[in-house]
């Protein structure tokens with residue numbers, strides 16, 4: 001069997017894409033912005049759909065980026081009971097400034113009036129949303145929070161304990177389930193859960209405590225009413 005290797009498309013020295021990547025299959029323009037720091041892909045109808053939606057969703061992924069870009073950042077909205085990506089961007093970093101540049105270029109296209117946005121827990125994304133969309137409800141994605149907690153179980157060398165100790169496993173799940181606790185009861189709930197862990201989990205608890213910043217919880221309104229699966 002002969003396999004053809006897919007060629008890698010690259011930008012030129014000014015950060016411009018080849019012509020074949022600048023339009024959709026229907027010959028619509030698909031580039032909103034391009035330079036050495038940022039490339040944004042979308043089309044006018046996508047922006048119109050985004051305008052009509054009051055609830056946005058955003059996500060960054062790092063495994064599918066071409067060379068020189070990191071991450072791929074996407075902005076989504078609800079259409080016919082499904083969340084679909086409407087704007088794609090290739091960034092060169094994941095700092096708040098990188099995400100600010102993305103939001104600046106998108107928001108200037110229309111008088112967008114979103115009421116909420118749901119994101120993952122990337123520090124740069126959180127800060128950028130606070131800077132660029134200060135007056136909307138910022139939701140944290142429970143799926144991504146669960147992923148982050150599980151990664152910490154792995155990094156802290158607690159996989160065996162998680163597999164063999166049913167109580168430890170339960171306490172970890174309870175920590176994640178704090179998303180469904182009333183906002184004014186989260187701290188009390190977290191303290192109660194912490195008191196059940198043994199000393200082996202100190203590093204994990206420090207991570208959870210650090211990332212459950214109580215001031216940020218209030219600002220982002222992460223509570224039972226708004227913490228949802230994306």
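In the UniProt record's numbering, the protein residues as written are 1 to 230.
Heads up, the beta-carbon is just placed ideally off N, CA and C, and yes, glycines get one too.
Nothing here was measured: the structure is a model prediction, and the numbers come from that model.
Taking C-beta separations shorter than 7 Å and ignoring five residues to either side along the sequence, the partners of residue 146 in its chain run 176, following chain order. Of the residues 164, 33, 106, 171, the one whose Cα lies closest to the Cα of residue 149 is 171. Rounded to the nearest angstrom, the gap between the Cα atoms of residue 24 and residue 30 is 6 Å. For residue 116, the enclosing beta strand (DSSP E) begins and ends at 116-119. C-alpha of residue 53 to C-alpha of residue 179: approximately 25 Å in a straight line.
Looking from the CA of residue 168, the closest CA among 119, 193, 72, 144 belongs to 193. Under the three-state reduction of DSSP output, residue 88 falls in the strand class. A Cβ-Cβ contact shorter than 7 Å links residue 58 with residue 119.
Contact check for residue 37 against residue 71 fails: the beta carbons are separated by 7 Å or more. Residues of the same chain with a CB within less than 6 Å of the CB of residue 28, apart from the 5 flanking positions on each side, are 43 in chain order. Around the beta carbon of residue 124, 16 or more other beta carbons sit within 10 angstroms, so the residue counts as buried. Around the beta-carbon of residue 139, 16 or more other beta-carbon atoms lie within 10 Å, marking it buried. Of 84, 182, 152, the smallest CA-CA separation from residue 209 is found for 152.
Inclusion of residue 73 and residue 60 in the CB contact set at 7 Å is warranted, their separation being smaller than that value. Taking all protein chains shown into account, residue 26 has fewer than 16 neighbouring C-beta atoms within 10 Å of its C-beta and is therefore exposed. Residue 204 holds the alpha-carbon nearest to the alpha-carbon of residue 156 among 21, 204, 32. Membership of residue 187 in any beta strand (DSSP E) is not indicated; the residue belongs instead to the alpha helix (DSSP H) covering 186-194. When 47, 202, 64 are compared, the shortest CA-CA separation from residue 56 is found for 47. Counting other Cβ atoms within 10 Å of its Cβ, residue 128 reaches 16 or more and is therefore classed as buried.
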